[in-house]
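J.: Numbering (the numbering used here), first residue to last: 4 to 330.
Ideal Cβ placement from N, Cα and C applies to all residues, glycine included.
What follows is a structure written as structure tokens; I'll ask about it next.
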């Protein structure tokens, strides 16, 4: 009997230990990169490519001879040509109703002059009063490229030339789910702080692209700098920043231009021979002062979100009459 009791007592602690319930184990780390990728895949549906084309009648005139005191302007006419000038950029969908959408972009994409005059220069490169050509714009159109591959006509509703902001409307694509407004535009506004990481989404060179960089201060009151490369077509592209607390992207602004340095240099006449065969010979002809612009690659200017919201607030009543009931 004693042996049996001892056997039970020895195995009782082991039984108690094995029957103790196990604690649940949870992962505490968050895969922010995976969250970013999913969010960016959604946000890219809010950015579209836009193309503005201006159509001109161009009239060309020959230069009058020096010994002629007066000559009829019509007698100098040479020919007429028709040309098209096009600029591409990016636009952000900020509002949609069942029929149309409201797009935010940069004004300089759509800013074509009505009349352009070019004058002859004398032997010293100084502009004369003799007209070389006159270009008159007879039409201008905005085309919005949808994600389905179709195009629609855009109409400029409002613009702020000083701050390079524009709003335009266009009809919705047949596949309405393929294009959505950027939901954080009116909800989550990011603080623009020095060193903050941001992402740019747009259509440089006509291709959908995402770039990232860090925010730097700018001497312009309404703009900020981004340490990211800028190419033609990125104007109007969306600039956003990721917030780890909400696990979502916040609105920072739109990209609008690249940084460049302007230098005055001495250069030969535009008609001078530039063949490599003459590179070792001294240049003895006339020289001219020209403005040379050198692009600072890796620097992009952006328009601050506060400036954009102030502009939209001023235009809100007019937009309401157009059917855009902004919050």
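Taking the beta carbon of residue 131 as the centre, do at least 16 other beta carbons fall within 10 Å, making it buried, or is it exposed?
T.: Classification for residue 131: exposed.
J.: Taking the straight line between their C-alpha atoms, what separation do you get for residue 206 and residue 232?
T.: Using only the alpha carbons, I get a separation of about 13 Å.
J.: Would you please state the rounded distance, in angstroms, between the beta carbons of residue 121 and residue 53? I believe it to be under 8 Å.
T.: No, residue 121 and residue 53 are not in contact; Cβ-Cβ is about 28 Å, not under 8 Å.
J.: Can you name the start and end residues of the alpha helix (DSSP H) that residue 314 belongs to?
T.: Counting along the chain, the alpha helix (DSSP H) containing residue 314 begins and ends at 308 to 324.
J.: Taking DSSP as the reference, what is the three-state secondary structure of residue 144?
T.: DSSP places residue 144 in strand when its eight states are reduced to three.
J.: Can you name the start and end residues of the beta strand (DSSP E) that residue 122 belongs to?
T.: Element bounds for residue 122: 118 to 124.
J.: For residue 175, write down the residues that DSSP places opposite it in a beta bridge.
T.: DSSP lists no partner for residue 175.
J.: Nearest to residue 244 by CA position, among 237, 235, 214 and 260, is which residue?
T.: For the residues 237, 235, 214 and 260, the minimum Cα distance to residue 244 belongs to 214.
J.: Tell me which residue opens and which closes the beta strand (DSSP E) that residue 182 is part of.
T.: Segment: none, residue 182 is in no beta strand (DSSP E) and carries neither H nor E.
J.: Taking the straight line between their C-alpha atoms, what separation do you get for residue 174 and residue 158?
T.: Near 10 Å, if we compare the C-alpha coordinates of residue 158 and residue 174.
J.: Along the chain, where does the beta strand (DSSP E) that runs through residue 51 open and close?
T.: Here the beta strand (DSSP E) through residue 51 covers 50 to 64.
J.: Could you tell me the alpha carbon to alpha carbon distance between residue 129 and residue 140, rounded to whole angstroms?
T.: If you take the alpha carbons of residue 129 and residue 140, they lie about 27 Å apart.
J.: By how many angstroms is the C-alpha of residue 150 removed from the C-alpha of residue 91?
T.: Looking at the two C-alpha atoms, the distance is approximately 16 Å.
J.: Buried or exposed, going by whether 16 or more other CB atoms sit within 10 Å of the CB of residue 28?
T.: Reliability of the predicted coordinates at residue 28 is poor, the pLDDT of 49 falling under 50, and no value is obtained from them.
J.: Do you know how far the Cα of residue 165 is from the Cα of residue 79?
T.: Cα to Cα, the separation comes out at about 39 Å.
J.: Under 8 Å, do residue 156 and residue 201 count as touching if we go by C-beta distance?
T.: Cβ distance not < 8 Å, so residue 156 and residue 201 don't count as in contact.
J.: By how many angstroms is the C-alpha of residue 124 removed from the C-alpha of residue 89?
T.: Each residue's Cα considered, the two are about 27 Å apart.
J.: Quick one: using the 10 Å Cβ neighbour count with 16 as the cut-off for buried, is residue 75 buried or exposed?
T.: That one is exposed.
J.: Taking residue 44 as part of the alpha helix (DSSP H), name the residues at either end of that continuous run.
T.: 35 to 46 is the span of the alpha helix (DSSP H), which, as asked, contains residue 44.
J.: Starting from residue 131, follow its DSSP beta bridges and name the residues at the other end.
T.: Note: residue 131 sits in no beta bridge, so no partner.
J.: Please look up how many angstroms separate the CB atoms of residue 184 and residue 49, rounded, as I've assumed it's under 8 Å.
T.: About 6 Å separates the two Cβ atoms, so the contact holds.
J.: Look at the alpha carbon of residue 84 and the alpha carbon of residue 186, and state the distance between them as a whole number of angstroms.
T.: When rounded, the distance between both Cα atoms is 46 Å.
J.: Do residue 93 and residue 240 count as a contact pair if the criterion is CB distance below 8 Å?
T.: Yes, the Cβ-Cβ distance between residue 240 and residue 93 is below 8 Å.
J.: Kindly indicate which three-state DSSP category residue 28 falls into: helix, strand or coil?
T.: With a pLDDT of only 49 at residue 28, under 50, the local geometry of the prediction cannot be trusted, and no value is derived from it.
J.: Buried or exposed: which applies to residue 328, given that a residue is buried once 16 or more other Cβ atoms fall within 10 Å of its Cβ?
T.: With fewer than 16 Cβ atoms within 10 Å of its Cβ, residue 328 is classed as exposed.
J.: Is the number of C-beta pairs between the region 298 to 308 and the region 242 to 258 that are closer than 8 Å three or more?
T.: Touching, per the Cβ criterion.
J.: Please classify residue 112 as buried or exposed, where buried requires at least 16 neighbouring CB atoms within 10 angstroms.
T.: Label assigned to residue 112: buried.
J.: Looking only at its own chain, which residues have a Cβ that is under 6 Å from the Cβ of residue 260, when we skip the five neighbours before and after it?
T.: 304.
J.: What three-state label does DSSP hand residue 380 in the structure shown?
T.: Residue 380 falls outside the range modelled here, since the chain spans only 4 to 330, and no answer is possible.
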